[in-house]
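Asker: In full-length UniProt numbering, the protein residues as written are 1 to 89. Even for Gly, the Cβ is constructed at its ideal location relative to N, Cα and C. Since the model is a prediction, treat every value here as computed from it, not as a measurement. Here it is: the structure, laid out below.
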Amino acid sequence: MRERTFRSGTNYMLTEYYDKANIMDEILDESIDLSIDSSLRKDILSGKRRRRLKNLTIKMDPIRIQAVRKIATMKSIPYQTLIRHWIAQ
Numbered sequence: 001m002r003e004r005t006f007r008s009g010t011n012y013m014l015t016e017y018y019d020k021a022n023i024m025d026e027i028l029d030e031s032i033d034l035s036i037d038s039s040l041r042k043d044i045l046s047g048k049r050r051r052r053l054k055n056l057t058i059k060m061d062p063i064r065i066q067a068v069r070k071i072a073t074m075k076s077i078p079y080q081t082l083i084r085h086w087i088a089q
């Protein structure tokens, strides 16, 4: 991987592959069959796979909350989901 520094001073790690390849060539315009096990499908539809979540309250600096929300928006996921993902790691 190669490191590039932009004017903002933020470092971005970019792979050589995406520097040279055209991502549009990788997009397939054909249907893809996806399937899951029938017992898993039954559990999902009946709600057995759903996890019960408990509420948790923490105090955070508003600047950090804003930063987390911005990162979550960039990843197109809710910020609470992003925080849960980080904690799980």
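Check whether the Cβ atoms of L40 and R49 lie closer than 9 Å to each other.
Answerer: Here residue 40 corresponds to residue number 40 of the sequence shown, with the count starting at 1. Here residue 49 corresponds to residue number 49 of the sequence shown, with the count starting at 1. Yes; because the gap between Cβ atoms is below 9 Å, this pair is in contact.
Asker: What does a CB cutoff of less than 6 Å around I65 pick up in its chain, not counting 5 residues either side in sequence?
Answerer: For the purposes of this step, residue 65 is identified with residue 65 of the sequence shown, where counting begins at 1. Answer for I65: no residue qualifies.
Asker: Is DSSP giving M74 helix, strand or coil here?
Answerer: Residue mapping note: residue 74 aligns to position 74 of the sequence shown, counting from 1. It is helical.
Asker: So that I know if they touch, is there some Cβ in chain D lying closer than 9 Å to that of I27?
Answerer: The structure shown has no chain D; it contains just one protein chain.
Asker: Express the C-alpha separation of I63 and D33 in angstroms, rounding to a whole number.
Answerer: Taking the sequence shown and counting its residues from 1, one reaches residue 33 at position 33. Taking the sequence shown and counting its residues from 1, one reaches residue 63 at position 63. If I take the Cα positions, the gap works out to 44 Å.
Asker: Determine the direct distance from the alpha carbon of L45 to that of W86, and round the result to whole angstroms.
Answerer: Translated into the one-based positions of the sequence shown, residue 86 becomes position 86. Translated into the one-based positions of the sequence shown, residue 45 becomes position 45. When rounded, the distance between both Cα atoms is 28 Å.
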